[in-house]
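Visitor: This is the structure I want to talk about, given as C-alpha cells.
2 protein chains.
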Amino acid sequence: MMSSSNLETREKIMAAASRLLEEKPGTAVRMSDIAKASGVSRQAVYLHFPTRADLLIATARHLDQVLNVDEQLAASRAATSGRERLDAYIDAWGNYIPQIYGVARAFLAMEATDEAAAAAWKDRMDAMRHGCEAAVRALAEDGDLKPGFDQEKATDLLWTLLSVRTWEHLVQDCGWSQQAYVEAMKYMAETALVA
Amino acid sequence: MMSSSNLETREKIMAAASRLLEEKPGTAVRMSDIAKASGVSRQAVYLHFPTRADLLIATARHLDQVLNVDEQLAASRAATSGRERLDAYIDAWGNYIPQIYGVARAFLAMEATDEAAAAAWKDRMDAMRHGCEAAVRALAEDGDLKPGFDQEKATDLLWTLLSVRTWEHLVQDCGWSQQAYVEAMKYMAETALVA
DNA sequence: TGTCAACTTTACACGGTGTCAAGCAAAGGA
DNA sequence: TCCTTTGCTTGACACCGTGTAAAGTTGACA
C-alpha cells in the first residue's frame, strides 16, 4: 500500500501540475502552487521530481499517455494519398496543441534559461517534425509536391506553420476559433506546398 | 558638462544593452552585465532606468532611432500597387527583424512574467500589425485580395507569418538564410493572399 | 517491538531584481 | 575660496523562487 501510495502521489502531482498549467497558462505556476494543489508538501514534490524541468517533462509524458497522442495521430499514418495524409496530420496535431498548451507554454517559458527543459522540448518538436516530414514525403511520392520545392524546405515550412507559437498567435492573440485555425493551416499548407 | 554626461551615460547604458543582447541572444543578460559593459555601477543603471523593463523599452526605442526604422519601412508606403506594397513591406520588416532580434528576444522572454514588458511589446507588435493591415487593404483596393478572404483574417495571417517567432523558427532553428526567409515569406503571402 | 518508507516541517543557500543610505568628486555660482 | 548641487559609487539589505539539508512523524509490516 505504501508503494502504491508512492505512485499515487506521483500521479497526483503530475495531474495537479497539468491542471494548473491548463487552467492558467501564462501565469507563472510555482512548485509551491503545484504542491498545494496536490495536497502535498513542497518537499514531497522535490522527492518525486528533483527539478522543475523533471516535473514538466514527466507531466508532458503523462499527458501524452492520458490523452493518447499515438491514437490521435494514427489517422494521418493510415491515409493513402499524400494530400490526405497532410490534411489528417494538420487535423490531428492542430487539435492536439490546445490540449497540451498549458504544459507547452511552461516549456517555452523555461526553454530560455533551463538546459534540460530546452532539450526535452526540442525532442518533442523533433518528433513532431518527423510527422511533417512524412507528410511531405508522401506528397512528393504522389508527385504532388509543388515543383521547385525540396522536401527539407517544405518540411521546415510546414513545421513552422504547425508550431505551437503559430497556434498561440492565431488562437490566443488574434482570438481565432480552433476550427478557423485548423482550416487556415490546411489552406496555407495546401496553397503553399501542394502542386 | 554634468548634464551632458548624464545623457551620455544613459546612451552608454542603452548601447551596451543592445550590444550585449545582440551579441548573445538567448543568454540571460543581467542588469549587472549591462552595468559592467557600460563601465558604470549597477546602481547607476537603476538611477537611469527604474526597472529592467524600462531599460528594455528605452533600448528598443533607441535602436529604432539608430537604425532608422521609419526610413526602412518607408519604401512600402511609397508603393503604388497592393502587390508591390505587400512585397516591399515583407522586405522591409523581414530584414528589420534580425537587427532587433536581441532586444526582441529579451522582450519575449520577459513577456510571460512582466506586465510592463508585455504591454510594451504588444504596442510594438500592434504597430507592426498596422503595416500588415495597410498592405492587405491596398491589396483589397486593387481587387487583388483572394476572394472569400475578409481583410481582418488576411491581416492576422500576414501578421502571424511576419512574427518574430516565425523568423526565429526558420532562421535560428531551421538554419535558413535571411534571404531564403524573406523569399519564403513573400511566396507564402503571395500564394495565400493574392488572387 | 522495531524497522523502513513516504511524507512533513523548518531552515537555509543561491541568484537575480530592486531599494536604501552614506559618501565622494567635480562643476559652477556666491 | 567656500558651498551646493549633480552624477555617480559603495555596500548592505529585502524579496522571491528554486533547490538542499536534516530532523521529526506516521503507518505498514515482519
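Note that the protein sequences, when read in sequence, are chains P and U.
So in the working numbering, spot 89 of the first sequence is number 178, and the numbers just go up one at a time.
So in the working numbering, spot 10 of the second sequence is number 99, and the numbers just go up one at a time.
Glycine is no exception: its CB is placed at the ideal position from the N, C-alpha and C atoms.
From a predicted model like this one, the values you see are computed outputs, not experimental measurements.
Determine whether the Cβ of P/K113 lies closer than 9 angstroms to any Cβ atom of chain U.
Guide: no
Visitor: Within 9 angstroms of any Cβ in chain U, is that where the Cβ of P/Y276 sits?
Guide: At least one beta carbon of chain U lies nearer than 9 angstroms to the beta carbon of P/Y276.
Visitor: Determine the DSSP secondary structure at U/V118, reduced to helix, strand or coil.
Guide: coil
Visitor: Which of the three DSSP states is assigned to P/V129 in this structure?
Guide: coil
Visitor: I'd like the span of the alpha helix (DSSP H) that includes U/C221, first residue to last.
Guide: Where U/C221 is concerned, the enclosing alpha helix (DSSP H) stretches over 204-230.
Visitor: Measure how close the beta-carbons of U/G245 and P/C221 come, nearest whole angstrom, since I'm counting them as under 8 angstroms.
Guide: What sits at residue 245 of chain U in the sequence shown is Asp, not Gly. The Cβ separation is near 22 angstroms, so there is no contact.
Visitor: Closest Cβ-Cβ distance between U/D233 and chain P: below 9 angstroms?
Guide: no
Visitor: Any beta carbon from chain P within less than 9 angstroms of U/C263's own beta carbon?
Guide: With 9 angstroms as the cut-off, U/C263 counts as an interface residue toward chain P.
Visitor: Could you tell me which chain U residues have their CB closer than 9 angstroms to the CB of P/D203, listed as they occur along the chain?
Guide: None at all; the shortest Cβ gap to chain U is about 11 angstroms.
Visitor: Does the separation of the CB atoms of U/A284 and U/D233 fall below 9 angstroms?
Guide: yes
Visitor: Give a yes or no on contact between the stretch 192-200 of chain P and the stretch 124-136 of chain P, applying the rule of three or more CB pairs nearer than 8 angstroms.
Guide: Because the criterion of three Cβ pairs below 8 angstroms is not met, the stretch 192-200 of chain P and the stretch 124-136 of chain P do not touch.
Visitor: Go through the stretch 226-281 of chain P residue by residue and report every complete run of the alpha helix (DSSP H) that reaches 4 residues or more, in order.
Guide: 240-250, 253-256
Visitor: Whose C-alpha, out of U/G171, U/W256, U/R141, U/R172, is nearest the C-alpha of U/R119?
Guide: Taking only the C-alpha atoms, the option nearest U/R119 is U/R141.
Visitor: Roughly how many angstroms separate the alpha carbons of P/D231 and P/Y270, rounded to a whole number?
Guide: 27 angstroms
Visitor: In the DSSP assignment, what are the bridge partners of P/A283?
Guide: With the sequence shown as reference, residue 283 of chain P is identified as Val, and Ala is not the correct amino acid for it. Paired residue(s): P/L234.
Visitor: Classify P/F138 as helix, strand or coil using the three-state DSSP reduction.
Guide: coil
Visitor: Looking only at C-alpha atoms, which of P/A147, P/A149, P/L175 sits nearest to P/R226?
Guide: P/L175
Visitor: Comparing C-alpha positions only, which one of P/S127, P/E112, P/A198, P/R131 sits nearest to P/S121?
Guide: P/R131
Visitor: With 9 angstroms as the threshold, decide whether the Cβ of U/M91 is near any Cβ in chain P.
Guide: Residue placement at U/M91 is flagged as unreliable, the pLDDT there being 44, under the threshold of 50; the coordinate-derived value follows with that caveat. Closer than 9 angstroms: no.
Visitor: If you count every other CB in all the chains shown that lies within 10 Å of the CB of U/G237, and 16 or more means buried, which is it?
Guide: exposed
Visitor: Quick one: Cα of P/M91 to Cα of U/L247, how far?
Guide: Below a pLDDT of 50, predicted positions are generally treated as unreliable, and P/M91, at 42, falls in that range; the measurement from the model is reported next regardless. Those two C-alpha atoms are separated by around 56 angstroms.
Visitor: So what does DSSP say about U/A70, is it helix, strand or coil?
Guide: With chain U represented from 90 up to 284, any question about residue 70 of chain U goes unanswered, as that position is not in the structure.
Visitor: Give me the chain P residues within the contact set of U/H219, using Cβ-Cβ distance strictly less than 9 angstroms, ordered along the chain.
Guide: The premise fails here: U/H219 is roughly 15 angstroms from chain P at the closest Cβ pair, so nothing lies under 9 angstroms.
Visitor: Between the stretch 249-260 of chain P and chain U, which residues of the former have a C-beta closer than 7 angstroms to a C-beta of the latter?
Guide: T249, S252, R254, T255, H258, L259
Visitor: Within its chain, find whatever has a CB closer than 7 angstroms to the CB of U/M277; leave out the 5 residues flanking it on each side and keep chain order.
Guide: The answer, listed in chain order, is L250.
Visitor: Express the C-alpha separation of P/S266 and U/S93 in angstroms, rounding to a whole number.
Guide: Summary for U/S93: the model assigns pLDDT 49, below 50, so the residue's position carries little reliability; its value from the coordinates is reported in the next sentence. Taking the straight line joining both Cα atoms gives about 53 angstroms.
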